[in-house]
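Report on one structure; see the data block that follows.
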Amino acid sequence: MNKAISAAAAAERIADGAVIMIGGFMGVGSPHRLIEELVRQKRAGLTIIANDSARPGVGIGKLIDARAVRRLIATHIGTNPETQRQMIAGELAVDLVPQGTLAERIRAAGHGLGGVLTPTGVGTIAAEGKQTLEVDGRAFLLEKPLAADVALIGCHRADYNGNLDYSLTARNFNPLMAMAAGLVIAEPDAVVPVGVIPPDAVVTPHVLVDLFVQGDHRHG
Amino acid sequence: MDDKTIIARRVAREMKSGQLVNLGIGLPTTVARYLPTGIEVFFQSENGIIGMAPVPAEGLENDSLSDAGGSPIGAVAGAAAFDSCTSFGLIRGGHLDVTVLGGLQVDEQGRLANWMVPGRMVPGMGGAMDLVSGARRVIVAMTHTAKGEAKILPRCTLPLTSVRRVDLLVTELAVIEPTAQGLLLRETAPGVSVDQVLAATAARLIVPDQVGVMALAA
Chain L
1 MNKAISAAAA AERIADGAVI MIGGFMGVGS PHRLIEELVR QKRAGLTIIA
51 NDSARPGVGI GKLIDARAVR RLIATHIGTN PETQRQMIAG ELAVDLVPQG
101 TLAERIRAAG HGLGGVLTPT GVGTIAAEGK QTLEVDGRAF LLEKPLAADV
151 ALIGCHRADY NGNLDYSLTA RNFNPLMAMA AGLVIAEPDA VVPVGVIPPD
201 AVVTPHVLVD LFVQGDHRHG
Chain R
221 MDDKTIIARR VAREMKSGQL VNLGIGLPTT VARYLPTGIE VFFQSENGII
271 GMAPVPAEGL ENDSLSDAGG SPIGAVAGAA AFDSCTSFGL IRGGHLDVTV
321 LGGLQVDEQG RLANWMVPGR MVPGMGGAMD LVSGARRVIV AMTHTAKGEA
371 KILPRCTLPL TSVRRVDLLV TELAVIEPTA QGLLLRETAP GVSVDQVLAA
421 TAARLIVPDQ VGVMALAA
């Protein structure tokens, strides 16, 4: 099965109002071409699940600049004044989640779990509206799984089957998100023949990846 | 020496060789500059690396290697990279020896507030709640007051980062150890009297007979 597709055609598979996970951390490891295609195609009303919204003009910040996002589920927006402005103006709903909790909620969805129990946030406003459970005398919050319609994955290499590997801190949320969405589109820096990525070095197995687009070697 | 340098130099003396250490953004990051000679620690960055190193020479930065603020970093030989689940597993699972974090307020129970000022500043908690909940040792590095207002209070008025009691509080005036009995004044900065510390602190401090003088790393 041919999984290679142009960035424009890949973005066309994503509907207005879709729930989209986007990998990356302050733009490092984000799928930049796919983000730019969503902006170019004027996608609107999106729910974005990501670590952060980077900065204006960078990575997910471009979707914020384009007013394409209705709801953002993230851990930190302090580096993007435009995200904060839209939030305060009531144009953008922002759910702030502790970073380790966001990672585990995504993992729970991708791994078929009913949720995770974490000590993070117990007794704080992050616990509001959540069940607190005691296990062997210790308090934990029940955090529910978080899944998406689409995951956009930035990676180092893809082979033609769709096996992925990653580079340094550009890995971050990408392999977790690749397990937690209905449609998974990868954007590798390079596409290589099958076999070039040895089995032990594959981080995301090809069965998880539906499509890939050639990236343009830019980060940040 | 300015206040933040005093704080960073005192915090640097808390590090022990072989420890895995996470430094928060801002003042805590500068602690790395003052590690005493012979002390070798491993720095973790929550975006997924153990073994972060100073920025490489201009033009040699790697697009896929940054700190948690998105700025380019280097990596030491033997560094390890991993995904966000592993990174926070290290933090929450008791594998991180020390975290140094900035603070907005600390209260008599040793609880930290450092992630939002309702209605004014809502950057998000990022990794702070996990770090305070999970690190084996939490050191708060912050100025003693903000624009003349006390930051060490009977009770935090800002939303808490965690209900966990932090292990040490270092300011430009004092080193304070939160204990089950309350905030214990351990050291004062050179030239600073106990009375000066008490005057700048809204919380009750326990003052033992012997209060040491802060020694600073070079």
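Heads up: the sequence lines are chains L and R, in that order. Residue numbers for the first sequence follow our numbering, so the first one is 1 and each next one is one higher. Residue numbers for the second sequence follow our numbering, so the first one is 221 and each next one is one higher. Backbone N, C-alpha and C define an ideal beta-carbon position, used for all residues, glycine too.
| request: Please determine, among L:Ala148, L:Gly112, L:Ala127, the residue with the shortest C-alpha to C-alpha distance to alanine 139 (chain L). | output: The residue given as residue 139 (chain L) occupies position 139 in the first sequence. Taking only the C-alpha atoms, the option nearest alanine 139 (chain L) is L:Ala127.
| request: Give every residue of the same chain whose Cβ lies closer than 6 angstroms to the Cβ of aspartate 350 (chain R), excluding the five residues on either side of it in the sequence, and list them in chain order. | output: Here residue 350 (chain R) corresponds to residue number 130 of the second sequence, with the count starting at 1. Answer for aspartate 350 (chain R): Phe308, Ile311, Arg312, listed in chain order.
| request: Tell me, please, whether the stretch 199 to 209 of chain L touches the stretch 329 to 339 of chain R by the rule of three or more beta-carbon pairs shorter than 8 angstroms. | output: no
| task | Can you pull the chain L residues whose beta carbon is under 8 angstroms from the beta carbon of arginine 312 (chain R), in chain order? | result | Locating residue 312 (chain R) in the second sequence gives position 92, counting from the first residue. Simply Gly100, Thr118, Pro119, Thr120.
| request: Output yes or no for whether 8 angstroms exceeds the beta carbon distance between isoleucine 372 (chain R) and alanine 419 (chain R). | output: On the second sequence, residue 372 (chain R) is found 152 positions in, with the first residue counted as 1. On the second sequence, residue 419 (chain R) is found 199 positions in, with the first residue counted as 1. Going by C-beta atoms, isoleucine 372 (chain R) is not nearer than 8 angstroms to alanine 419 (chain R).
| message | Contact between the stretch 18 to 26 of chain L and the stretch 163 to 183 of chain L is defined here as three or more beta-carbon pairs at a separation below 8 angstroms; is this criterion met? | response | yes
| task | Taking C-beta pairs closer than 8 angstroms, name the residues in chain R that arginine 107 (chain L) reaches, listed in chain order. | result | Counting from one through the first sequence, the residue named residue 107 (chain L) turns up at place 107. Those within 8 angstroms of arginine 107 (chain L) in chain R are Cys305.
| request: Return no unless some Cβ of chain R is closer than 8 angstroms to the Cβ of valine 202 (chain L). | output: The residue given as residue 202 (chain L) occupies position 202 in the first sequence. No, valine 202 (chain L) lies away from the interface with chain R (no Cβ there is under 8 angstroms from its Cβ).
| message | Do glycine 271 (chain R) and alanine 232 (chain R) have their beta-carbon atoms positioned less than 8 angstroms apart in this structure? | response | The sequence position of residue 232 (chain R) within the second sequence is 12, counting from 1. The sequence position of residue 271 (chain R) within the second sequence is 51, counting from 1. Cβ distance not < 8 angstroms, so alanine 232 (chain R) and glycine 271 (chain R) don't count as in contact.
| said: Beta-carbon within less than 7 angstroms of glutamine 84 (chain L)'s beta-carbon, same chain only, minus the 5 sequence neighbours each way: which residues are those? | reply: Indexing the first sequence from 1 puts residue 84 (chain L) at position 84. Cβ within range, chain order: Ile77.
| message | Could you tell me the alpha carbon to alpha carbon distance between leucine 141 (chain L) and proline 379 (chain R), rounded to whole angstroms? | response | Translated into positions along the first sequence, residue 141 (chain L) becomes position 141. Translated into positions along the second sequence, residue 379 (chain R) becomes position 159. One C-alpha to the other measures close to 17 angstroms.
| Hey, is phenylalanine 262 (chain R)'s beta-carbon within less than 8 angstroms of any beta-carbon in chain L? | Here residue 262 (chain R) corresponds to residue number 42 of the second sequence, with the count starting at 1. Chain L contact via Cβ: absent.
| task | Please name the residues in the stretch 18 to 35 of chain L whose beta-carbon is closer than 8 angstroms to at least one beta-carbon of chain R, in chain order. | result | Phe25, Met26, Gly27, Val28, Gly29
| When DSSP labels each residue in this structure, what does phenylalanine 173 (chain L) get in the three-state scheme? | Start at 1 with the first residue of the first sequence, and residue 173 (chain L) comes out as number 173. If DSSP states are grouped into helix, strand and coil, phenylalanine 173 (chain L) belongs with coil.
| message | If we require 4 or more residues per run, which alpha helix (DSSP H) segments fall completely within the stretch 305 to 377 of chain R? | response | 348 to 354
| query | Would you report the Cα separation of valine 150 (chain L) and isoleucine 396 (chain R), rounded to the nearest angstrom? | reply | In the first sequence, the residue the question calls residue 150 (chain L) occupies position 150. In the second sequence, the residue the question calls residue 396 (chain R) occupies position 176. Going from the Cα of valine 150 (chain L) to the Cα of isoleucine 396 (chain R) covers about 49 angstroms.
| Where the alpha helix (DSSP H) through glycine 100 (chain L) begins and ends | Within the first sequence, numbered from 1, the residue matching residue 100 (chain L) stands at position 100. Start and end: 99 to 110.
| query | Whose Cβ in chain R lies nearer than 8 angstroms to the Cβ of phenylalanine 173 (chain L)? | reply | Along the first sequence, read from residue 1 onward, the residue named residue 173 (chain L) stands at position 173. Result: Asp303, Ser304.
| Proximity of methionine 341 (chain R) and leucine 96 (chain L) at Cβ, strictly below 8 angstroms | Residue numbering aside, residue 341 (chain R) sits at position 121 when the second sequence is read from its first letter. Residue numbering aside, residue 96 (chain L) sits at position 96 when the first sequence is read from its first letter. Not a contact, by the Cβ cut-off of 8 angstroms.
| field | Rounded separation between glycine 244 (chain R) and methionine 434 (chain R) - CA only | value | The sequence position of residue 244 (chain R) within the second sequence is 24, counting from 1. The sequence position of residue 434 (chain R) within the second sequence is 214, counting from 1. Roughly 22 angstroms between the two C-alpha positions.
| message | Nearest by alpha-carbon distance to lysine 236 (chain R): which of R:Leu247, R:Pro256, R:Asp222 is it? | response | In the second sequence, residue 236 (chain R) corresponds to position 16, counting from 1. The option with the nearest alpha carbon to lysine 236 (chain R) is R:Pro256.
| field | Neighbour-count burial assignment, glutamine 430 (chain R), 16 or more Cβ in a 10 Å radius | value | In the second sequence, residue 430 (chain R) corresponds to position 210, counting from 1. Glutamine 430 (chain R) should be labelled exposed.
| Whose CA, out of L:Ala93, L:Ala11, L:Ala158, L:Gly182, lies closest to the CA of alanine 147 (chain L)? | Walking along the first sequence from the start, residue 147 (chain L) turns up at place 147. It is L:Gly182 whose Cα lies nearest to the Cα of alanine 147 (chain L).
| query | Of the residues that make up the stretch 64 to 78 of chain L, which ones have a beta carbon closer than 9 angstroms to any beta carbon in chain R? | reply | Ala74, Thr75, His76, Ile77, Gly78
| Just curious, the alpha helix (DSSP H) that methionine 87 (chain L) is in, first and last residue? | Numbered from its first residue, the first sequence carries residue 87 (chain L) at position 87. Residues 81 to 88.
| field | Where methionine 6 (chain L) falls, given that 16 or more other Cβ within 10 Å makes a residue buried | value | Residue mapping note: residue 6 (chain L) aligns to position 6 of the first sequence, counting from 1. Correcting the residue identity first, residue 6 (chain L) is serine in this sequence and not methionine. With fewer than 16 Cβ atoms within 10 Å of its Cβ, serine 6 (chain L) is classed as exposed.
| message | Given this structure, state the Cα-to-Cα distance separating leucine 133 (chain L) from glutamate 260 (chain R), to the nearest angstrom. | response | Residue numbering aside, residue 133 (chain L) sits at position 133 when the first sequence is read from its first letter. Residue numbering aside, residue 260 (chain R) sits at position 40 when the second sequence is read from its first letter. Each residue's alpha carbon lies about 40 angstroms from the other.
| request: State the start and end residues of the unbroken alpha helix (DSSP H) segment that holds glycine 61 (chain L). | output: By 1-based counting over the first sequence, the position of residue 61 (chain L) is 61. Unbroken alpha helix (DSSP H) run through glycine 61 (chain L): 61 to 65.
| message | Taking 8 angstroms as the threshold (beta carbon to beta carbon), is valine 342 (chain R) in contact with chain L? | response | Here residue 342 (chain R) is taken as the residue at index 122 of the second sequence, counted from 1. Valine 342 (chain R) counts as touching chain L.
| task | Hey, could you find the ends of the beta strand (DSSP E) isoleucine 49 (chain L) is sitting in? | result | For the purposes of this step, residue 49 (chain L) is identified with residue 49 of the first sequence, where counting begins at 1. Per DSSP, isoleucine 49 (chain L) belongs to the beta strand (DSSP E) from 46 to 49.
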